[in-house]
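Read through the structure below, which is laid out as structure tokens, and then see the notes.
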Amino acid sequence: MMTKQTKFPAVRVPDRPLLLQRFLARSLQFVVWLPFLLYLSAAEGSELTKLQWADTPQQTMLQLQIDGKAVAYKTTRLDQGRRFRIALQNTTLGSEALDIGGNGPVNGVFPYLASNGKAVLIDILLQQAAGLTIKRSDSGLVVSIAERLVTAAQARNKAAPLSVPTTTVAAVAGQPVAATSKKITVPPSVPIATVAAVNSTTPKKGKLSTGGNELLDINYTILSGDRIQIDLRMKQRPSRPGTFSTSKPTRIAFDFFATKNMLAKDLLKIGVGVVENIAAVQTSDRTRVVLSLLQPAVYKTQINEHGMTIVVASPLRIREAAEKKPSRHFSKPENPGKHTIKSIDFRRSRDGGGKIIVKLSDPAVGIDIQEKDGEIIVDFLSTGLPKSLEKRLDVVDFATPVQTIDSFSSRSGTRMIIPPAGKYRQLAYQAGSVFTLHVTPVVENKKVKKVDKFGYSGEKLSLNFQKISVRAALQVIADFTDLNFVTGDTVKGDLTLRLQDVPWDQALDIILQSKGLAMRKKGNVVWVAPAKEIAAKERAALEANKKVLELEPMSSELIQINYAKAKDIAKLLKSVRSVDTGITGSVLGGVSVGQVQTESNTLLSQRGSVTIDKRTNSILIQDTPLKIREIRKLIAKLDRPVRQVLIETRIVEANDDFSRVLGTRLGFQRVTKNTLLPGSSKSNLGQVITSGSNAGATSIATSVANNDSPINFDTGNNGMNVNLPVTGINNDLAGSFAFSLLKAGPGFANLLSLELSALEAEGKGKVIASPRLITADQKKAHIEQGEERIFTVSVLGNGSVVTKKAVLGLTVTPQITPDDRIVIDVRITKDSFVSNQTGSINTKQIITQVLMDNGETVVIGGIYSEDESTSVSKIPILGDLPLIGALFRKKTTSKHRTELLIFLTPKIINPALNTI
């Protein structure tokens with residue numbers, strides 16, 4: 021039997037192990053992607069939007085407003101409890117989350133985005149070691165600052181009874197963590213036990229505890245340099261007080277928490293320097309000490325075992341401190357030579373500033389910052405710089421005040437120089453191993469009202485009304501300017517206006533003048549009334565104030581004058597004028613006008629008076645307390661040390677002299693016994709004697725008559741035909757060369773004499789005189805050194821004795837300008853005697869006014885003279901003969917050059933350093 025089989029398509033049945041394998045693979049993928057999805061959802065919903073201080077008098081609290089889901093956080097304790105870092109995981113930084121400054125024990129709070137961009141870091145800088153507590157709230161987190169630490173054992177005992185689930189947060193990747201820091205387990209609403217907790221014995225800012233501190237006494241001491249030292253004596257060593265200051269009125273306040281005021285008087289009058297008085301007031305939780313000043317001043321505080329010392333300097337010290345900007349020291353290097361700079365980065369902030377971010381090898385790097393010559397100089401002490409970072413960064417394209425950043429190695433470590441452009445502000449802070457320098461531009465207010473030539477600056481408007489009331493017109497201007505107008509009942513009347521594009525303040529003046537009205541503006545309120553009514557009310561107010569001043573009680577105060585003279589200050593406080601008492605006449609026609617000097621007290625009241633005490637250089641003022649306060653403010657501005665100037669001068673005088681003289685003496689003498697006439701052989705003239713002069717011939721004739729053998733010729737001046745010798749220069753004898761030629765025979769004798777003389781003199785000299793002196797600003801000073809001689813002169817046959825002086829003198833009057841330049845009126849003289857007999861004086865003098873820079877050397881004047889002369893004495897005709905003509909002439913050549921230069925150098929003496 022055959023069976024027919026039908027074939028069906030084959031169906032593949034999967035194996036059971038294969039299905040299980042696929043299911044496990046899909047589940048594993050889901051488990052792997054689940055943390056990433058959760059991370060994205062958390063990152064998208066968390067943003068730090070704002071930081072602000074909570075208004076709680078009992079404790080310092082910081083609120084962190086966070087938008088999104090609950091954020092995980094981690095707290096790290098740094099710098100031995102003086103700095104805390106809060107890391108907010110998966111959180112971005114909002115645009116309004118900015119630095120909010122300090123409060124109480126907190127010096128500053130600085131939020132910034134982590135380098136990985138996945139977390140926000142908040143650094144809290146404290147004045148001293150403390151602890152903090154973090155609690156969650158509906159808007160984010162609340163950070164409480166504890167002012168005293170407890171031990172870890174006490175913290176564990178406090179935290180033990182609480183059974184709250186904890187949240188473990190790992191460290192932020194890429195952020196520096198202190199070596200001692202570990203993973204911290206932070207309960208959501210419990211203080212960090214392992215970090216810090218509040219000690220139960222710490223006095224809080226609430227009620228004053230019985231075991232708190234006490235303010236016992238206040239003393240003050242006057243120091244040199246117009247300073248005052250104020251000592252606050254307390255029962256025990258105080259903690260650092262809270263400090264703030266106000267400008268109007270000028271005051272400095274110190275808040276001592278948990279301190280009682282045990283003073284007998286709450287107000288202590290000082291009246292020294294800029295300190296007017298000291299007030300101490302106790303509240304429920306503190307004692308506040310307030311220093312009332314006449315004007316802003318600098319101060320320095322120091323806490324000791326028995327209280328606190330405050331030193332307040334004068335306003336002059338403020339200007340000197342502003343001129344010299346001190347370096348800021350973040351810290352001193354703990355391990356010199358073991359620090360390096362890892363990276364230097366630059367970023368542009370939202371406010372248009374530039375942030376220079378420097379990553380260091382560790383937080384213990386010492387950093388100094390100073391501003392010099394318009395540049396910001398940052399020194400990283402004992403810190404190495406890699407060669408790859410030793411270069412200039414050009415950041416001009418970022419459009420910030422920072423243009424370039426120069427980093428290079430120096431002797432002390434690494435130096436960074438930033439030359440900002442334009443006006444700027446700079447803020448530097450260090451968070452861990454990251455140093456940040458923030459340079460922001462200073463934006464000037466460009467909303468300056470333009471004032472036209474008539475003095476109006478309001479916005480323009482147009483008015484066109486027919487018979488409108490004055491009140492309605494004023495209402496239109498009030499609506500246009502948003503000012504509050506108060507109109508009196510007597511303001512009435514109508515007017516017609518047609519004003520086109522007129523400033524509103526000019527339109528208001530036109531309306532007021534047309535109706536005889538006037539206005540008085542105070543703030544944004546304008547009072548309009550008739551001019552006579554306003555004048556009457558103001559006059560009545562002035563008379564009332566005058567009566568109040570007349571009835572106000574008088575008080576006396578002795579004010580010490582430090583630098584000025586008391587009589588000069590008194591002259592400023594009162595003016596003296598002359599009043600005519602009338603014209604008186606006499607019978608003989610003489611007329612005289614009498615005057616009496618009366619005092620018109622301009623700065624004092626009518627009852628006020630000023631008395632001078634020359635012995636102590638003080639003034640005693642008797643007046644109302646208001647007037648005394650105004651006078652003290654004026655004296656504080658006037659009684660300042662006068663700046664001094666050192667004037668150095670150098671007078672250089674150089675001369676160059678040259679003289680040359682050539683002279684001759686030539687003589688011919690002859691004796692002939694029998695002289696024949698020319699052309700005759702029989703006639704005899706007898707003896708003929710030839711010599712240079714009659715005296716010489718007579719002398720020879722006498723010798724012939726006496727039958728002297730040989731004949732005695734005259735070899736002196738009488739026997740010379742040419743007598744032009746060199747007489748000498750400056751009493752120096754000339755060198756000479758002479759010879760004589762004698763020839764004798766039957767009936768004759770000849771003598772020829774020749775003497776040549778020459779002298780050359782050359783001299784160079786330099787005279788340097790350097791008078792110098794110190795004088796005060798706008799004070800005339802004089803110094804001189806010289807010689808005084810006595811001479812006898814004859815006047816009309818009568819002899820008399822006179823004295824003459826030849827001195828080297830310097831007279832100056834300097835004036836220091838506000839930009840530290842100097843205007844000098846100078847007079848310099850340099851005299852010398854020419855002759856001891858006649859008393860002639862050679863005078864050199866300069867009188868001028870010069871504007872110079874401090875320390876600059878200038879040639880203020882000079883004289884250059886040159887004299888050159890050549891003189892020739894000769895025998896006519898013979899002296900002009902070539903060659904032999906030199907025997908018949910004398911030639912003198914002289915040259916004299918003199919140069920005088922006067923140098924002047926003024927130097928302002930620094931009163932703070934007492935140096936030049």
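Residues 21 to 936 in the working numbering are what the sequence shown spells out, letter by letter.
Even for Gly, the Cβ is constructed at its ideal location relative to N, Cα and C.
Since the structure is predicted, the reported quantities are computational estimates derived from the model, not experimental observations.
Where residue i sits in the DSSP three-state scheme
i      : result
GLU650 : helix
ARG905 : The sequence given here places Gly at residue 905; Arg does not occur at that position. Helix.
ARG97  : strand
ASN565 : helix
ASP388 : strand
ASP119 : coil
ILE438 : strand
ILE667 : strand
GLY475 : coil
PRO661 : coil
GLY508 : coil
GLN526 : helix
ARG176 : Any reading at ARG176 needs caution, since the residue's pLDDT is 38, under 50, leaving its predicted position unreliable; the model's value is listed next. Three-state DSSP puts ARG176 in a helix.
LYS927 : strand
VAL854 : coil
ILE497 : helix
PHE418 : helix
GLY859 : coil
ASP797 : coil
ILE867 : strand
PRO745 : coil
HIS916 : strand
GLU558 : helix
CB of residue i within 8 Å of CB of residue j, strictly
i      : j      : result
ARG841 : LEU666 : no
ILE895 : VAL746 : no
SER120 : ILE142 : Residue 120 is actually Ile in this sequence, not Ser. No.
SER756 : LEU776 : yes
LEU311 : ARG260 : no
ILE396 : GLN446 : yes
ILE361 : LEU413 : no
Own chain partners of residue i with C-beta closer than 6 Å, once the 5 adjacent residues on each side are dropped
i      : result
THR112 : GLU67
VAL662 : ALA796, ASP797
GLU780 : ARG680
LYS784 : ASP676
THR890 : THR913
VAL415 : PHE366, VAL422
Cβ neighbours of residue i in the same chain (closer than 7 Å, five flanking residues each side left out)
i      : result
LYS227 : Note that LYS227 has pLDDT 47, beneath the 50 cutoff, so the model's placement of it is unreliable and the number below is only indicative. Cβ neighbours of LYS227 beyond the five flanking positions: SER304, ASP305.
TYR444 : PRO421, VAL459, THR460, PRO461, VAL462
SER855 : none
ARG670 : ILE788, SER790, PHE923
Per DSSP, cross-strand counterpart(s) of residue i
i      : result
VAL708 : THR692
GLY628 : Per DSSP, none; premise fails for GLY628.
PRO550 : LEU537
GLN450 : PHE455
GLU570 : Looking at the DSSP assignment, GLU570 forms no beta bridge with any residue, so it has no partner.
GLY806 : VAL827
GLU296 : DSSP lists no partner for GLU296.
GLY262 : ASP275
ALA758 : GLU775
ARG491 : None; ARG491 has no bridge partner.
Any non-hydrogen atom of the ligand MG within 7 Å of residue i CB
i      : result
THR849 : Among the components of this structure there are no ligands whatsoever, and the ligand MG is therefore not found.
Spatial neighbours of residue i in its chain, beta-carbon cut-off 8 Å, leaving aside the 5 residues before and after
i      : result
VAL126 : THR80, LEU82, ILE144, LEU145, LEU146, GLN147, ILE165
PRO926 : VAL665, LEU666, ILE667, GLU668, PRO834, ILE842, ILE844, MET872, ASN874, GLY875, GLU876
ASP525 : TYR476, SER477, GLY478
GLY806 : LYS825, ALA826, VAL827, LEU828, GLY829, ASP851
For residue j and residue i, believed in contact at Cβ under 8 Å, the rounded distance
i      : j      : result
SER954 : ILE364 : No statement about residue 954 is possible, as the shown extent of the chain runs from 21 to 936 and does not include it.
LEU686 : LYS910 : No, LEU686 and LYS910 are not in contact; Cβ-Cβ is about 11 Å, not under 8 Å.
ILE238 : LEU287 : Contact doesn't hold; Cβ gap of about 10 Å is too wide.
ARG253 : VAL331 : Not quite, the Cβ-Cβ distance comes to about 16 Å (not below 8 Å), so this is no contact.
ILE579 : ILE655 : 6 Å
C-beta neighbour in chain C for residue i, strict 8 Å
i      : result
THR403 : Protein chains in the displayed structure number just one, and chain C is not present.
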